[in-house]
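Numbering (the numbering used here), first residue to last: 86 to 269.
We put the beta carbon where it would ideally sit given N, CA and C, even for glycine.
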């Protein structure tokens with residue numbers, strides 16, 4: 086039968102689209118594993134290529150590694166609540182996936198915050214539209230997240246944009262130029 090978990094391969098067309106965009110974009114599976122990203126996303130969020138594959142997961146980053154430094158506290162709280170309910174929905178969809186079960190177990194064991202959210206039994210697929218990123222090089226960036234769903238793979242393409250001409254838009258453009266190198 087089909088594998089027990091969500092597909093982790095990203096279609097070539099999606100990979101090409103993400104690579105050609107001039108705004109930060111990542112591809113997530115139902116477990117919040119980051120399957121693909123572009124140069125701009127590495128500059129904005131973190132250089133995913135420098136992480137072991139197991140750590141390329143937004144929930145591990147958020148709940149276990151304390152790597153919240155780039156998101157404002159309000160944005161992280163909102164994300165945490167949505168992510169916990171998303172993960173609950175994924176667990177219902179893929180009850181036999183050992184990787185998903187292991188992720189939930191790690192989060193429950195390692196994060197009292199996640200455990201509290203998990204116990205609330207919210208199952209809602211909703212998306213945060215705005216987040217504030219506190220970037221070490223370019224400062225505060227207010228991004229608008231657009232989420233495109235790839236239904237046949239249960240994947241999501243997350244695009245980070247800013248209001249045209251705003252300081253946040255200028256910061257994103259600057260990041261596009263400097264990439265992951267440090268300005269210091």
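| Item | Value |
| --- | --- |
| Touching by the beta-carbon criterion (3+ pairs, under 8 Å), the segment 130–145 and the segment 87–98 | no |
| Assumed close pair residue 110, residue 243 - CB separation to whole angstroms, cut-off 8 Å | 7 Å |
| Sequence-distant residues of the same chain with beta carbon closer than 8 Å to residue 195, five excluded per side | 148 and 149 |
| Ranges of the alpha helix (DSSP H) found wholly within the segment 98–150, counting only runs of at least 4 | 124–129 |
| DSSP three-state assignment for residue 265, whether helix, strand or coil | coil |
| Per-residue DSSP class, three states only, for residue 228 | strand |
| Range of the contiguous beta strand (DSSP E) that encloses residue 241 | 240–246 |
| Residue 255 (DSSP reduced to helix, strand or coil) | helix |
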